[in-house]
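*Asks:* Residue numbers (our numbering): 162 to 364.
Don't be surprised by glycine CBs; every beta carbon is placed ideally from N, CA and C.
1. Can you check which of these residues, 190, 300, 244, is closest to residue 351 by C-alpha distance?
2. For residue 198, which three-state DSSP category applies?
3. Can you list, in chain order, the residues of its chain whose CB lies under 6 Å from that of residue 273, leaving out five sequence neighbours each side?
4. Only counting the same chain, and skipping five residues up and downstream in sequence, which positions put a Cβ closer than 7 Å to that of residue 184?
5. Relative to the C-alpha of residue 237, which candidate in 319, 275, 189, 221 has its C-alpha closest?
6. Applying the 10 Å Cβ sphere with the 16-neighbour rule, what's the burial state of residue 216?
7. How many Å lie between residue 182 and residue 198 at the Cα?
8. Let me know the secondary structure DSSP gives residue 346 once reduced to three states.
9. Below 8 Å on the Cβ atoms is my guess for residue 227 versus residue 324; work out the distance and round it to an integer in Å.
10. If I measure Cβ to Cβ from residue 231 and keep anything under 8 Å in the same chain, skipping five residues before and after, which residues do I get?
11. If you draw a straight line from the alpha carbon of residue 297 to that of residue 342, how long is it in whole angstroms?
12. State the beta-bridge partners of residue 311 as determined by DSSP.
13. Check whether the Cβ atoms of residue 322 and residue 315 lie closer than 8 Å to each other.
14. Looking only at DSSP bridge pairs, what is residue 225 linked to?
15. Where does residue 232 sit, in a helix, a strand or coil, going by DSSP?
16. In terms of residues, what are the limits of the alpha helix (DSSP H) holding residue 214?
17. Hey, quick one: how far does the alpha helix (DSSP H) through residue 298 stretch, first residue to last?
18. With burial defined as no fewer than 16 other Cβ atoms inside 10 Å of the residue's Cβ, what is the status of residue 338: buried or exposed?
19. Can you name the start and end residues of the alpha helix (DSSP H) that residue 265 belongs to?
20. Label residue 265 either buried or exposed according to how many other C-beta atoms from any shown protein chain fall within 10 Å of its C-beta, with 16 as the threshold for buried.
21. Would residue 305 pass as a contact of residue 253 if the rule is Cβ separation under 8 Å?
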């Protein structure tokens, strides 16, 4: 069916395709209801870690990490981390005291929408913190974290939190619409379940 758009004084014809059930391709979600149900049923950090690893791999990410800064008293906070990164990188990261120099942590504290690591590196450079950010991201790449995305998380009692996914492939299509949406959805479920487990004395 032709559609006419008024441009200046002359109508312009635009032949818009009519979408029907036979022309729309529905791709099965990688992070589907069954997987999210398994996530919500997790009762230990270990079981949560296993389900998240499966979900992340479905999205093409070999590595991931969840972290939240939680108040444990009126004057004290504690960082809770569920680590799906290479253990060698995690140890190096802690020994180098990268936590609060990390552009992903800085970003998650003050924002609510996801950001690619590449964009965070650019932002850091513009703010005069580019050298430190470049060192962190270059070293991460050496440990197999070639391309990633940071998803800020807030609420549920935490001061702020975040989930990052990383791929060994620098060509990973992170911002492809379905991957981006499902990675964000997964992060919100992980935050919900992790917050419940963290609050339990036995977790």
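*Replies:* On the basis of the supplied data:
1. 244
2. helix
3. 313
4. Residue confidence for residue 184 is low, a pLDDT of 41 falling below 50, so the modelled location carries little weight and cannot support an answer.
5. 319
6. buried
7. The predicted position of residue 182 is uncertain, since its pLDDT is 40 and thus under 50; no value can be drawn from it.
8. helix
9. 5 Å
10. 238, 239, 240, 241, 318, 319, 320, 359
11. 26 Å
12. 276, 325
13. yes
14. 245, 326
15. strand
16. 206–219
17. 291–303
18. exposed
19. 264–271
20. buried
21. no
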